[in-house]
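Peer 1:
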Amino acid sequence: MDSVIYLTSITNSIRGNSLNLGACVLVWILIAAQVKYIYWENARRDRGERDYRLVGKTRAEIEQLGGRHPGY
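Numbering-wise (our numbering), the sequence shown opens with residue 6 and increments by one.
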């Protein structure tokens with residue numbers, strides 16, 4: 006992939022550096038979105054908005070909820 010991004014005829018590698026910088030910025034945006042979602046989801050769980058997942062379930066079904074369990 007390096008041979009496509011960093012062309013040998015270009016000495017200052019503006020294209021390759023721009024692509025790498027753009028990829029880094031995209032990753033940071035995705036990380037920020039994920040962190041925001043996690044805070045949003047945890048706030049909903051704290052308010053009890055995910056407790057409906059426990060209603061009418063057996064103990065075995067509740068144990069299978071895993072990360073979807075409101076107390077997780």
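Note that beta-carbon positions come from the ideal geometry of N, C-alpha and C, so glycine has one too.
Using C-beta distances below 7 Å, list every residue in its chain close to L70, excluding the 5 sequence neighbours before and after it, in chain order.
Peer 2: So the qualifying residues of the chain are R58.
Peer 1: So S23 is in the alpha helix (DSSP H); what residue range does that whole segment cover?
Peer 2: Residues I19 to D51.
Peer 1: Counting along the chain, where does the alpha helix (DSSP H) carrying E66 start and finish?
Peer 2: Start and end: R64 to E68.
Peer 1: Is the closest heavy atom of the ligand FMN to the C-beta of R73 under 7 Å?
Peer 2: The model on display carries no ligand, and the ligand FMN is accordingly not part of it.
Peer 1: Hey, how far is the Cα of D56 from the Cα of P75?
Peer 2: So the alpha carbons of these two residues sit roughly 6 Å apart.
Peer 1: When the Cα of D51 is compared with those of Y77, T63 and G27, which residue comes out closest?
Peer 2: Of Y77, T63 and G27, the residue nearest in Cα terms is Y77.
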